[in-house]
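Engineer: First the structure, then my questions, so here it is.
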Amino acid sequence: MKKAIVVGGGVCGCTAAYLLSKDGWDVTLFEKEKCLGGGIRTFFYGSHPYTFGPRPLYTPYEKVYKFLNKFIPVKPFKLYLNTFIESDGQFYSFPIHKDDIPKMPDARSIYKELEKRPEIKGKMDFEEYYTKSVGKTLYKKFINNYSKKMWAIKSNKELEDFEWSLKGVALKTGTKQVRTDLIHAHPTNIDGYNRYFDIISREFKVKLNCNIQKFDVEKRGIQVNGKWLYSDILVSTTSIDSLFDYCYGELKYIGRDFIKLVLPVKQVIPDPVIFLHYPNDEIFTRVVEYKKLYRYKSDTTLLGMEIPSFNNKLYPYPIKSEKEKAKKYMDSLPKNVFSIGRKGRYVYDNIGEVVMQGFELIEKLRI
Numbered sequence: 004m005k006k007a008i009v010v011g012g013g014v015c016g017c018t019a020a021y022l023l024s025k026d027g028w029d030v031t032l033f034e035k036e037k038c039l040g041g042g043i044r045t046f047f048y049g050s051h052p053y054t055f056g057p058r059p060l061y062t063p064y065e066k067v068y069k070f071l072n073k074f075i076p077v078k079p080f081k082l083y084l085n086t087f088i089e090s091d092g093q094f095y096s097f098p099i100h101k102d103d104i105p106k107m108p109d110a111r112s113i114y115k116e117l118e119k120r121p122e123i124k125g126k127m128d129f130e131e132y133y134t135k136s137v138g139k140t141l142y143k144k145f146i147n148n149y150s151k152k153m154w155a156i157k158s159n160k161e162l163e164d165f166e167w168s169l170k171g172v173a174l175k176t177g178t179k180q181v182r183t184d185l186i187h188a189h190p191t192n193i194d195g196y197n198r199y200f201d202i203i204s205r206e207f208k209v210k211l212n213c214n215i216q217k218f219d220v221e222k223r224g225i226q227v228n229g230k231w232l233y234s235d236i237l238v239s240t241t242s243i244d245s246l247f248d249y250c251y252g253e254l255k256y257i258g259r260d261f262i263k264l265v266l267p268v269k270q271v272i273p274d275p276v277i278f279l280h281y282p283n284d285e286i287f288t289r290v291v292e293y294k295k296l297y298r299y300k301s302d303t304t305l306l307g308m309e310i311p312s313f314n315n316k317l318y319p320y321p322i323k324s325e326k327e328k329a330k331k332y333m334d335s336l337p338k339n340v341f342s343i344g345r346k347g348r349y350v351y352d353n354i355g356e357v358v359m360q361g362f363e364l365i366e367k368l369r370i
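Per this note's numbering, the very first residue in the sequence shown carries number 4; after that it's consecutive.
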């Protein structure tokens with residue numbers, strides 16, 4: 004039986020390990036933490052379930068939704084979020100919705116800017132792209148500070164190479180629901196995705212509390228506790244630069260500090276909203292009421308507040324120089340070494356996308 008080493012016990016690594024084992028591979032997964040689940044593991048505080056940042060499933064793939072639903076009940080929901088604009092003293096829908104403009108004190112100037120929007124063409128940075136799409140006023144209200152806080156940058160012009168549409172940012176009309184083109188779903192279990200990891204990990208060997216000291220990508224090997232282990236394929240979900248001992252330089256990430264706050268009320272955020280964005284001078288970017296995701300019943304409620312920081316690595320930077328550096332690493336991967344997942348590809352992938360990468364890996368190996 005062919006052997007596979009999988010590094011990383013988050014949703015990407017565990018899904019890949021499970022699919023490999025079902026396809027006839029002898030799989031051993033190595034995880035540095037004391038439990039599986041990575042960023043989507045559910046914890047409890049004052050009896051309330053939460054994750055470090057909300058982790059609903061967003062996916063256009065029915066295949067991914069049905070796959071997860073085989074192991075744990077995953078129920079669709081409609082996502083709505085609001086943004087607090089301090090200068091207006093108001094909450095508005097996000098993405099920016101045309102129906103909210105008349106409520107804004109500077110509506111007249113906003114309409115004038117929208118009438119004069121130029122054609123979107125050619126390369127441009129994040130600030131120029133959004134300003135041309137929605138005008139300076141809406142950009143400053145909703146986008147400018149939020150983006151600078153999220154990425155800890157002084158100017159959004161630093162985001163000089165990002166994914167954008169030739170049509171520009173469309174002001175939303177009709178429903179205020181976020182991304183109606185995607186399936187939005189969340190586990191109904193009180194422990195979220197935890198049971199998924201418990202079930203699928205029965206199909207492969209798991210080594211917890213294992214820090215990988217070194218990689219030997221040419222021989223598909225890892226060093227753990229001073230001992231080298233080799234396999235027929237190596238699948239890594241850790242940051243791709245670590246596979247090559249950072250030979251092209253360390254990739255840049257930003258993370259989040261997470262503050263939990265339990266309040267003596269049943270509900271804080273009015274339905275149907277679940278997330279709140281704060282694009283002003285607050286140090287935090289987002290507040291989430293977790294019981295609404297989990298459908299948890301309690302006389303109290305837990306809010307999670309996210310503060311951008313460099314204390315962990317959660318988000319790859321959408322900056323040209325970092326993308327080019329990541330591509331050098333990807334291009335250096337030898338045969339039968341696969342780097343997948345958000346850190347493995349250095350792409351801001353969500354749960355649905357990294358689960359799909361597990362299926363894509365199996366298809367590659369079958370060719």
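Glycine residues also receive a C-beta, built at the ideal position from the N, C-alpha and C atoms. As the structure is a computational prediction, the values presented were derived from the model and not from experiment.
Once the 5 residues before and after Y48 are set aside, which same chain residues still bring their CB inside 8 Å of it?
Structural biologist: K263, V265 and L305
Engineer: In whole angstroms, what is the alpha-carbon distance linking D29 and L22?
Structural biologist: 11 Å
Engineer: Taking buried to mean at least 16 other C-beta atoms within 10 Å of its own C-beta, is Y101 buried or exposed?
Structural biologist: For clarity, residue 101 is Lys in the given sequence; the question names Tyr instead. Exposed, by the Cβ-count rule.
Engineer: Around the C-beta of D274, are 16 or more other C-beta atoms found within 10 angstroms, so that it is buried, or is it exposed?
Structural biologist: exposed
Engineer: How many angstroms separate the CA atom of N85 from the CA atom of V291?
Structural biologist: 11 Å
Engineer: Following the continuous beta strand (DSSP E) through V14, name the residue where it begins and the one where it ends.
Structural biologist: Segment V14 to K25 is the alpha helix (DSSP H) holding V14; no beta strand (DSSP E) there.
Engineer: Please report the distance separating the alpha-carbon of I104 from that of K151.
Structural biologist: Those two C-alpha atoms are separated by around 23 Å.
Engineer: Rounded C-beta distance between E116 and G138? I'm assuming under 8 Å.
Structural biologist: Beta-carbon to beta-carbon, E116 and G138 are separated by about 3 Å, close enough to satisfy the 8 Å threshold.
Engineer: Using DSSP's beta-bridge definition, name the partner residues of F33.
Structural biologist: V10 and K210
Engineer: Compare the Cα-Cα distances from M153 to each of K295, K328, K326 and Y320 and report the closest residue.
Structural biologist: Y320
Engineer: Quick one: residues in its chain with C-beta nearer than 7 Å to the C-beta of M107, no 5 flanking neighbours on either side, listed in chain order?
Structural biologist: D91 and I113
Engineer: Looking at the structure shown, is A329 part of a helix, part of a strand, or coil, going by DSSP?
Structural biologist: Helix, per DSSP.
Engineer: Enumerate in chain order the residues of its own chain whose CB-to-CB distance from I209 is below 6 Å, with the five nearest sequence positions on each side excluded.
Structural biologist: In the sequence under discussion, the amino acid at residue 209 is Val, which differs from the Ile named in the question. Once the five neighbours on either side are set aside, the close Cβ partners of V209 are L32.
Engineer: According to DSSP, what are the bridge partners of V238?
Structural biologist: V9 and F341
Engineer: Assign C15 to buried or exposed, taking buried as 16 or more other Cβ atoms, counted over all protein chains shown, within 10 Å of its Cβ.
Structural biologist: buried
Engineer: Specify, as a first and last residue, the run of the beta strand (DSSP E) that L82 falls within.
Structural biologist: Here L82 belongs to no beta strand (DSSP E), and DSSP marks it neither H nor E.
Engineer: Among Y196, K179 and L296, which residue has its Cα nearest to the Cα of K73?
Structural biologist: Y196
Engineer: Consult DSSP for W28 and reduce its assignment to one of helix, strand or coil.
Structural biologist: coil
Engineer: Which residue wins for smallest C-alpha separation from E163, given the options D128, K179 and L279?
Structural biologist: For the set D128, K179 and L279, the Cα lying nearest the Cα of E163 is the one of D128.
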